[in-house]
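Taking my numbering, the leading residue of the sequence shown gets 7, the next gets one more, and so forth. Notes follow once the structure below has been shown.
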Amino acid sequence: MRSVQNFLWFCAGGYRPLLNRSPTESNKYIGIGGTVFFTALFAGLAAGYAMFTVFENIYVTITLAILWALLIFNLDRFIVSTIRKGKSTWAEVKMAIPRLLLAILLAFVIAKPLELRIFEKEIARELDNQKLRMLKETRGGIDEGFPEIEELESKIASLKSETDAKRAFRDEKQQEYDAERFGVKTPGTSGIVGLGTNARKKEVQLDDAERDYQETQAANREKMREYEEEIARFNTIKEEEWAKQQVSVDGFDGLAARMDALGTLTQNSVPIYWANLFIVLLFVVIESAPVVVKLMAEKGPYDVLLEKHEQGIYLYADEKWHKTATESKDRLEVFDTLQPEVKDAWIAMKRKEMEGRYGTAL
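The structure is reproduced here in structure tokens:
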């Protein structure tokens, strides 16, 4: 129990010999030290979550979390230990304002990883939505980056239309030839049954149409095959680029992305906004608690003894300086009363001593 008390005194920046002489101050500094310790502990846990999000390595996370906790502990201990209880409350407040601002800044830094942890599920859902939007935009951008595919598909469609037109013309000539043979009366046939002159003419037209269709179909089929090979090549390049972009989008879940998602959630959801604000305020209260407690505390025996101890050191230094200055003044007065030749001899002696010590002629 005694060791715990001494540790908390240390956390509060207290001087143990003076606290031992001030039993009534013990609980106050135990409370301040506990606040400093638990603030650093929470800071380490929050930093650990943030570091694990970034590095995803437990050993690196533990190391950096401990370092961050020690940093916050040292800063808080410094803030608390440098606030002195004086006669003027306003002087104490002015002295504490920069330290209070620093505490508030640290609170915002510490609170952010904890916010990310608390709203982890909501952030994950928002990240999924953002990834879907990014994938859609990426797919559209990649498609726009390959206009050759659309041009080739348009050429293939044109070739198919040309082939279809030739086939339709061939089919039309086939119907006219059949109608002429079987004596079907139409605007383009004679209505006489058999293979007469008109039927033979229709047969020649059909043969020409068939030949033209076959030649066009063969030529267009070759061109379409070449165009389809080009499309396949472009599609391969496009899919490779798409695979690269998918890897990039899938990795969009780092610390910055999560913070951006949290910002989006707080803008779109009033409950999340207020919950986020209360978490920040909670850490502001926790981080600034040591400073506020120290300001609210009455000046006690420990503060009086500490002030006496420090003033004693200042007084001792002043006395030593005054004594040294007085002795120096007395020596100068004695030196001034010496004869000129004695002064010169003394100066020459000192010069030789300096030359022998430093090896340089003065």
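Beta carbons are placed, not taken as given, at the ideal position from N, Cα and C, and that holds for glycine.
With 16 other CB atoms within 10 Å as the buried threshold, where does residue 402 fall?
The structure shown does not extend to residue 402, since the chain is modelled only from 7 to 368, so the question has no answer here.
Starting from the Cα of residue 309, find the closest Cα among 170, 30, 10 and 333 and give me that residue.
30
For the alpha helix (DSSP H) holding residue 63, just list the boundary residues, first then last.
If you look at residue 63, you'll find it isn't in any alpha helix (DSSP H); DSSP assigns it neither H nor E.
Counting only the same chain and skipping the five closest in sequence on each side, list residues whose C-beta sits under 7 angstroms from that of residue 50.
71, 72, 74 and 75
Can you give me the C-alpha to C-alpha distance between residue 283 and residue 301, rounded to a whole angstrom?
25 angstroms
First and last residue of the alpha helix (DSSP H) that includes residue 275?
Residue 275 -> no alpha helix (DSSP H), and no H or E assigned at all.
Beta-carbon proximity check, residue 172 vs residue 233, cutoff 7 angstroms
no
Residue 368 to residue 327, Cα distance in whole Å?
Reliability fails at residue 368, whose pLDDT of 49 lies under 50, so the model's placement of it is uncertain and no value is given.
Any 3 or more C-beta pairs closer than 8 angstroms across the segment 110 to 121 and the segment 307 to 324:
no
So residue 22 is in the alpha helix (DSSP H); what residue range does that whole segment cover?
Segment 22 to 26, the alpha helix (DSSP H) holding residue 22.
Between the C-alpha atoms of residue 287 and residue 244, what's the straight-line distance to the nearest angstrom?
50 angstroms
Name the residue from 27, 38, 8 and 28 whose alpha carbon lies nearest to the alpha carbon of residue 17.
38
Going by C-alpha distance, which of 89, 136 and 236 is nearest residue 161?
236
Which value, in whole angstroms, describes the spacing of the CA atoms of residue 361 and residue 336?
27 angstroms
Rounded straight-line distance, which links the Cα of residue 132 to that of residue 111
27 angstroms
CA nearest to the CA of residue 27, picked from 96, 324, 306 and 143
Nearest of 96, 324, 306 and 143 to residue 27, Cα basis: 306.
Would residue 19 and residue 99 qualify as a contact pair, given that the criterion is a beta-carbon distance under 7 angstroms?
no
With respect to the alpha helix (DSSP H) encompassing residue 8, which residues constitute its N-terminal and C-terminal limits?
Run containing residue 8: 8 to 17, per the alpha helix (DSSP H) assignment.
Would you kindly work out how many angstroms separate the C-alpha atoms of residue 35 and residue 295, rounded to a whole number?
Computed Cα separation, rounded: 13 angstroms.
So within the segment 109 to 165, which uninterrupted alpha helix (DSSP H) runs reach at least 4 residues, ignoring any that extend past its ends?
126 to 150
Since residue 97 and residue 89 are thought to touch, with beta carbons under 8 angstroms apart, how far apart are those beta carbons, to the nearest angstrom?
Incorrect: roughly 11 angstroms between the Cβ atoms, too far for contact.
Buried or exposed for residue 81, going by 16 or more other Cβ atoms inside 10 Å?
buried
Neighbour flag for residue 311 against chain D, beta carbons, 7 angstroms:
Given the protein chain composition of this structure (a single chain), no chain D is represented.
Quick check: the Cα distance between residue 304 and residue 45, rounded to an integer number of angstroms?
23 angstroms
How many angstroms separate the CA atom of residue 276 from the CA atom of residue 152?
43 angstroms
Would you mind giving the Cβ-Cβ distance between residue 25 and residue 32, rounded to the nearest angstrom? I have them listed as a contact below 8 angstroms.
6 angstroms
For residue 58 and residue 268, which I take to be in contact (beta-carbon distance under 8 angstroms), what is that distance rounded to the nearest angstrom?
The pair is not a contact, with the Cβ atoms about 17 angstroms apart (cut-off 8 angstroms).
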